[in-house]
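The structure under discussion appears below in the form of structure tokens.
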Amino acid sequence: MSVVSDLVDRKEIIVCAGSGGVGKTTAAAAIGMHAATRGKKVAVLTIDPARRLASSLGLKELSNEPHRVSARKFSAAGLEAKGELYAMMLDTKTTFDQVVMKYAPSREQAEKIIGNRFYRNISSTLSGTQEYMAMERLYELHAEGGYDLIVIDTPPTRNALDFLDAPRRLTDFFESRVLRWFLIPYMKAGGGFMRVANVAAGTFLRIVKRIVGAEVLDDTAEFFGSLEGMYDGFKQRAREVAALLHSQVTSFVVITSPAEQSVAEATFFASRLDEAGLPFGALVVNRVHPRFGDRIEARPRQISKLEQGSAEARLLAKLLENEEAFMRVVELEERNLEGLARKIPRHRWVRVPYLEQEAVDFPGLAAIADQLFATTAPAVRR
Amino acid sequence: MLLDEFFDPKILIVSGKGGVGKTTVSAALAIMAAKAGHRVCIAEVDEKGTLPAIFGSEGLGYEPSKMCPGIWGLRIIPEESLAEYLRVQYHMKRISKAFTSTHFVDYITTAAPGLKDILILGKIWYLEQERTTKERFDTIVVDAPAAGHMLTFLSAPSGLSDALRVGPVRRQADWLVQMLRDPKRARVHLVTLPEEMPVSETLETTRALEERLEIAQGPLFANAVYSELFTPQEEKKLKGTIDRAALRTQGEAVGLALDDEDFDALFSYARFLRSRRSIQETHLRNLRAGTGEPVIELPFLFSAGLALPDVENLADVIEEKVEKL
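One line per chain: the protein sequences are A and B, in this order.
The first sequence begins at 0 in numbering that gives the first Met the number 0 and counts up by one.
The second sequence begins at 0 in numbering that gives the first Met the number 0 and counts up by one.
Here it is as structure tokens:
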């Protein structure tokens, strides 16, 4: 049994993490699909799926609500859905609105916040918001959704770790001393910053006002004003989410490609998980160039001789050249992965080779799932 | 296309989805320009990237530092841009720490989305106008944020210009709009991979640049394309049954003994190349069909790809292809 099947059987939450462009969303979808064939009721929360992948899961538009993938899709791909597969995309703004609704002391105050312009900008511009809301949605699905397993994709960031710090970054931002230092006097003075007792804050406000305009300053002051009294709720929830991620029901699956950069990031990520005491489950090495045999030792002189020969000889020269080029990639990828083996023991790895088709439809996902859950790891000749 | 024409605008903005090789292409363009005798400045934006690693330098600061002959590098950080802006604009010599703290920049950019982008573009404008540094440059290559964010990045000045009716900030936003909309001053090069998602995002971006933002584009780059090694006749032969004995004889003639396992491997790699290549071709066709700009295919690098010699090779490939346009 592969290391990933074991996680599917034992865990309630699988977090797929890794840098952008390594096939994280596809892996998350394949894990979900496989879990459904094993009888689980499973939800896959994607962040930003490719259009064809989304439509292969039956997601036509952004929807924060789980959508059931029909059993017919499974049978068409030659699979049997013993359980149920649900897919959804994160809607950051809606999730944030729900959070505000939950923690605002009154409906009136919640509506005031949701209608505020500064608030509306947060979900689209403030970094960390998407990550925070992904965690929030995960928590909710876990608590209330009645799923056996939730597989979550993480936002594509240059730094795969961002989402770990996101809740703290956002609460820090809301409580920032800098903001309180000049905004609260501004609010108390009823927007008349000239009357602010603190001279430095007065200068500061004058410049900010010049840059962003008075309206913006008013919106901001109103936002932070109406947030008063809600900080504890936010912080409490952030703590609960963190506790869930640290618990035994959760497992992190790190996805990487064998490219130097993403390997470096995966290595760093694995050690960060370790430091943070978060449960690491498996490493998926995606998009590995396949190795078809031992290196053929053809000398350049032999190849150039062939290049000058008959059509047959020239074909052989090209075949050798092609083999040599791929062997260089294969060996390079193996070297890149060796460093990773020192951090993560190989029995926690699953290698998924580049397949001859793309995983953009249901059968394509099934092919990826086959690789992820293969009973024996694909043989790699060394 | 003549190289002079390619490097006609001073500012080349290179952008694409994360992981498509945007930084590598930026570095290759810088090398190309330097080889043509330009003094080049290459700018990393906001996040720390792999640019310094390519040139073997330690890390980049806010002011251009020389990385190799003809090429300077810097990292544009919004916090520092804001400090510089306040210094230049308000003649503030001592700038309160509060102004340049990350929280404050986060606050101000949330309050006025796009301000962070304007601060970054403002620094590029300073460089173009040779306002704040002693160095002057013929070419400025911007390793711009990932494409999703890039549209907001490039539309920030016009957004702000629309929002503010008067005042100094409005005037400055207008300067940036003029800079970006002048094809003789700035041009965008999109980098993508021949894969579904990168191509569809690139097409969305290219349309938005053209229709909404009116920012000129240069050729697009499709990165990591497998080569067309075999001729159509050879492909045909490979698809049919191949006379191994004949090939084996050819090998022996040059002193190369090949057994059946070797042939299995040779044919498997050829088939692999073909299947990957045909997937890529579908996406390349979509890319070409969806854009009016020429598409330059860059080879899949069969070696590390991040070391300077690889990037220099890539620069040669680009130069050759640009000249053929």
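Cβ atoms here follow ideal geometry from the backbone N, Cα and C, with glycine treated the same way.
All values reported here derive from a predicted model rather than from experimental measurement.
- Sequence-distant Cβ neighbours of A366(A) in its own chain, meaning closer than 6 Å and more than five residues away, are L354.
- Its chain contains A16 and F162 as the residues whose beta carbon lies nearer than 6 Å to that of T153(A), once the 5 sequence neighbours on both sides are disregarded; these appear in chain order.
- Scanning its chain for C-beta atoms nearer than 6 Å, with the 5 sequence neighbours on each side dropped, one finds around L137(A) the residues I151, in chain order.
- Contact check between the region 264-282 of chain B and the region 311-330 of chain A: three or more CB pairs, one atom from each, fall below 8 Å, which counts as touching.
- DSSP, reduced to helix, strand and coil, places T138(B) within a strand of the structure shown.
- Neighbours of K23(A) in chain B, taken as residues whose beta carbon is under 8 Å from its own, are absent, since the nearest beta carbon is some 11 Å off.
- Here F95(A) is near S122(A), since their CB atoms are less than 7 Å apart.
- Comparing alpha carbon positions, the residue from Q307(A), A86(A) and K208(A) closest to A34(A) is A86(A).
- D45(B) is outside the set of residues whose beta carbon lies under 7 Å from a beta carbon in chain A.
- Comparing alpha carbon positions, the residue from K59(A), E135(A) and L169(A) closest to T109(B) is L169(A).
- Contact with chain B is found for G19(A), since one of that chain's Cβ atoms lies less than 7 Å from the residue's Cβ.
- Three or more beta-carbon pairs separated by less than 8 Å link the region 276-288 of chain A to the region 337-353 of chain A, which places the two stretches in contact.
- Listed along chain B, the residues sitting closer than 7 Å to T219(A) by beta-carbon distance are A110.
- Here Y230(A) is exposed. Its C-beta has fewer than 16 other C-beta atoms within 10 Å.
- Apart from sequence neighbours up to five positions away, the residues of its chain that approach S261(A) with a beta-carbon distance below 6 Å are S18, V21 and T255, ordered along the chain.
- DSSP places Y125(B) inside the alpha helix (DSSP H), whose first and last residues are L114 to Q128.
- Exclusion of the five residues before and after R74(B) leaves E43 and L59 as the residues of its chain whose Cβ lies within less than 6 Å of its Cβ.
- Within the region 38-118 of chain B, the complete alpha helix (DSSP H) runs of at least 4 residues fall at 50-53, 77-89, 96-99 and 101-110.
- In the DSSP annotation of this structure, the continuous segment of the beta strand (DSSP E) that includes I149(A) starts and ends at L148 to D152.
- Under the three-state reduction of DSSP output, L84(A) falls in the strand class.
- Taking CB atoms only, Y61(B) has no neighbour in chain A less than 7 Å away.
- If you draw a 10 Å sphere on the C-beta of E107(A), you find fewer than 16 other C-beta atoms in it, and that means exposed.
- Interface annotation, F172(A): in contact with chain B, CB-CB separation under 7 Å.
- Neighbourhood of S175(A) in chain B, by CB distance below 9 Å: S100, H102, F103, D105 and Y106, in chain order.
- Using a Cβ distance threshold of 7 Å, A185(B) and L150(B) do not count as a contacting pair.
- Contact with chain B is absent for L163(A), since none of that chain's Cβ atoms lies less than 7 Å from the residue's Cβ.
- If you compare the alpha carbons of P144(B), R86(B), V140(B) and L300(B) with that of R130(B), the shortest gap goes to R86(B).
- Take G217(B), set aside five residues on each side of it, and the residues of its chain with a beta-carbon closer than 6 Å to its own are R186 and H188, in chain order.
- Between L50(B) and D142(B), the beta carbon gap of about 6 Å places them in contact (Cβ cut-off 8 Å).
- Per the C-alpha coordinates, the member of S303(A), R313(A) and A241(A) positioned closest to T230(B) is R313(A).
- At a cut-off of 7 Å between beta carbons, E130(A) makes no contact with chain B.
- Around T191(B), the same chain offers G15, K16, V19, P197, V198, E200, T201, L219, F220, A221, N222 and L286 as residues with beta carbons nearer than 8 Å, after the five sequence neighbours per side are excluded.
- A Cβ-Cβ separation of about 32 Å leaves F268(A) out of contact with Y118(A) under the 8 Å criterion.
- At a cut-off of 7 Å, the C-beta of V168(B) has a neighbouring C-beta in chain A.
- If you draw a 10 Å sphere on the C-beta of R276(B), you find 16 or more other C-beta atoms in it, and that means buried.
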